[in-house]
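Undergrad:
Residue numbers (our numbering): 1 to 85.
1. Measure the C-alpha to C-alpha separation of residue 56 and residue 68 and round it to an integer number of angstroms.
2. So, for residue 41: in the same chain, excluding its five sequence neighbours on each side, which residues have a beta-carbon less than 6 Å away from its beta-carbon?
3. Any idea if residue 37 is buried or exposed, counting beta-carbon neighbours within 10 angstroms, 16 or more meaning buried?
4. For residue 72, which residues from the same chain have a beta carbon less than 6 Å from its beta carbon, with the 5 sequence-adjacent residues on both sides left out?
5. Rounded to whole angstroms, what is the Cα-Cα separation between residue 4 and residue 60?
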């Protein structure tokens with residue numbers, strides 16, 4: 001059976017699917033049986049999903065009009081900046 005340290009290193013490495021079949025089976029078995037490694041695996045997967053969604057958001061083309069402020073908002077900001085200076 002693998003140790004938790006080795007499992008954590010393998011899970012953090014993005015290339016664990018390149019391991020030989022018997023190592024992958026051992027890894028999955030350990031993650032299934034070990035509460036802490038299972039939790040760590042779920043955290044790694046959540047981080048990978050968040051990074052994937054962020055990358056998709058960054059690559060999405062957003063029309064420039066969505067970035068523009070309304071004239072009223074611009075004027076409010078100008079007034080606030082004048083008040084502070």
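Note that the Cβ used here is the ideal one computed from N, Cα and C, for glycine as well. Model, not experiment: these values are computed from the prediction.
TA: Per the coordinate set shown:
1. Locating residue 56 in the chain shown gives position 56, where the first residue counts as 1. Locating residue 68 in the chain shown gives position 68, where the first residue counts as 1. For residue 56 and residue 68, the distance between alpha carbons rounds to 22 Å.
2. Along the chain shown, one-based indexing puts residue 41 at 41. 11 and 31, listed in sequence order.
3. Along the chain shown, one-based indexing puts residue 37 at 37. The residue is buried, with at least 16 neighbouring Cβ atoms inside 10 Å.
4. Your numbering for residue 72 matches position 72 in the chain shown. Around residue 72: no qualifying Cβ.
5. Translated into the one-based positions of the chain shown, residue 4 becomes position 4. Translated into the one-based positions of the chain shown, residue 60 becomes position 60. So the alpha carbons of these two residues sit roughly 39 Å apart.
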